[in-house]
Amino acid sequence: MPLLKMGFFDALFGRKPSPDAFASLFIEAAKRRGFGAALRYNADEYRLEYGDNAVFNLHHAYRAYCGSDKALRDESLQGFVVTLCSSQQAAPEHLSDARAKLRPLIRGRSMLEDVRLHQLRTAGRDAAFSPAWHAFGEDCAVLLALDYPEFTSTLMSGPAQSWNITLDDALAIARDNLRDMTSDTFVEVARGVYRGDWRDGYDASRALLPDLLHRAPVHGCPVFMIPTRDVLLVTSNKDDGGLAAMVDASREAAKTGRPVSPFMYCYDEGLRRFTPPQREVARRLAQLALRYRKDDYDTQKAALDRLHTQEGRDVFVANYLLYGSKDETGEMFSAATWTAGVETLLPEAERIVLVWPESGETRIVPWQQIAPLMGSLLEAEPMYPVRYRTCGFPDAGQFASFARSEA
């Protein structure tokens, strides 16, 4: 049966479509909304390609669609279609026409890595890639955008040159605009945990407004999480139950939403990471962070593998692996493998498995003992999340010292 018909009947009877059928639904929805460019479906990478080098990844759209209630699936689909359509919107030539539309966006830094690696494949290593962004914590980026009635257009290169303003100036205008359109709308989703209830695509980005967070109905210093683009959660630093419930709510949001950050933050003489004082809550928060990091590394590895295949380069991009409890009740740790004689791009994992093929020996080494090899055997690559290119392997003496340290 043709994909389009399969997608039609899946939608008609409320079944979850296959990935291919969802792609057909998406393409048809984009055509109905007036998307002008021809869309080419790349099933291997599960994305749509259009224009010269443009792409639209379908993974998050498919996950959100399947995770939505049947009555809300079309709304979910249309939201992603609108995002696709916004990619063809040019920025106004004059600042006077753009000023009221400027908005700030908080996105996970892995989004920038996706764009960078795609450009490497399509435009080559000599092509410039200079996105305009500011760091928000260690894992997020603040970007500039234009707000239109039906979509948001991200300005990856920052303000148009014709506007004659800096990124800082443009983001200041954007924050003021976001503040002006924001009411103190918080709903309690668990005891002591409040979620912003704006539902306009800028929920997570309102973490840029500390004055708003301090008006949330919590006692003490507000602590917040932005697990996905559409979720901003706030509780009190003094509310042990609220901190625990906020981790649970973030984990649920991450199942269907587009990920941003797994960390807790607060404003205390500037933005800073917050570590919950309860050991169990801190452990569950750390597990959530490991899962986010694995998703980032997995996506990065797939893109790097395709790039290396295209370029004919023999480089092993090591997997970022998670071991331990699968039900959030036990310990979990990350690991990666470093094999002698194999050029490797190594992720920063909590434990590194050193493999010496000639003797068949292995050593499991904590990252803290691997870190001193920076500069001699490991070189950090300019990518996010960070990977290290191996420039050799620990010699017999170093290998033996690792063995003694593990004893």
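Its first residue numbered 1, the sequence shown is counted upward by one per residue in the UniProt record's numbering.
The beta-carbon is built from N, C-alpha and C at its ideal position, and this holds for glycine as well.
These numbers were taken from a predicted model, which means no experiment stands behind them.
Cutoff 6 Å; reference residue i; Cβ partners in own chain excluding five residues on either side
i	result
L304	V317
G7	Note that G7 scores 49 on pLDDT, short of 50, meaning its location in the model is unreliable and no value can be drawn from it.
C266	C221, V223 and F274
P227	S250, A253 and A254
M225	L233, M246, S250 and M264
Beta bridge counterpart(s) of residue i as assigned by DSSP
i	result
M374	L378
S236	P222
M332	G324
G196	F186
C266	V223 and R272
T166	For T166, which the question treats as bridged, DSSP gives no partner whatsoever.
E49	R40 and V55
V142	I106 and H134
T228	V231 and P259
T337	V353
T154	A145
Exposure label - residue i; buried when at least 16 CB within 10 Å
i	result
N237	buried
G108	buried
I364	exposed
T309	exposed
C140	buried
H94	exposed
M374	exposed
D395	exposed
Y297	buried
A400	exposed
G270	exposed
P372	exposed
Which of helix, strand or coil DSSP assigns to residue i
i	result
E280	helix
P149	coil
S24	helix
Y320	coil
A39	With the sequence shown as reference, residue 39 is identified as Leu, and Ala is not the correct amino acid for it. DSSP places L39 in coil when its eight states are reduced to three.
I364	strand
P104	strand
N57	strand
F9	Since pLDDT at F9 reaches only 44, below the 50 mark, its modelled position is unreliable, and no value is offered.
A254	helix
E343	coil
L112	helix
P17	coil
Cβ-based neighbour list, residue i, same chain, cut-off 8 Å, excluding 5 preceding and 5 following
i	result
R148	A small fix is needed here, since residue 148 is Tyr in this sequence, not Arg. If we look at Y148 and ignore the five residues flanking it on each side, its Cβ neighbours are S86, Q89 and K101.
G51	A37
residue 427	Given a span of 1 to 407 for the chain in the structure shown, any question on residue 427 remains unanswerable.
V218	G192, Y194, V234, T235, S236, D239 and G242
Proximity test, residue i beta-carbon vs the ligand HEM heavy atom, cut-off 8 Å
i	result
T182	Ligands in the displayed structure: none, and consequently the ligand HEM is not present.
Own chain residues within Cβ distance below 7 Å of residue i, not counting five before or after
i	result
R387	L345, L346, P347 and E381
R251	L288
R33	V81 and C85
A123	N53
N319	K301 and A336
W356	A340 and F399
R76	The question names Arg, but residue 76 in the sequence shown is Ser. Only A64, Y65 and S68 meet the Cβ criterion.
R121	R306, L307 and Q310
Touching or not, the stretch 129-138 and the stretch 59-77, by the rule of three or more beta carbon pairs under 8 Å? With a cut-off of 8 Å on Cβ pairs, the stretch 129-138 is not in contact with the stretch 59-77, counting fewer than three such pairs.
Taking contact to mean at least 3 C-beta pairs separated by less than 8 Å, is the stretch 225-236 in contact with the stretch 110-125? Contact annotation: the stretch 225-236 does not touch the stretch 110-125, with fewer than three C-beta pairs closer than 8 Å.
Do the stretch 158-166 and the stretch 112-127 touch if we need at least three Cβ pairs shorter than 8 Å? These segments do not touch.
I'd like to know if the stretch 174-182 and the stretch 322-335 are in contact, where contact means that at least 3 CB-CB pairs between them fall below 8 Å. Contact between the stretch 174-182 and the stretch 322-335 is absent: fewer than 3 CB-CB pairs across the two stretches fall below 8 Å.
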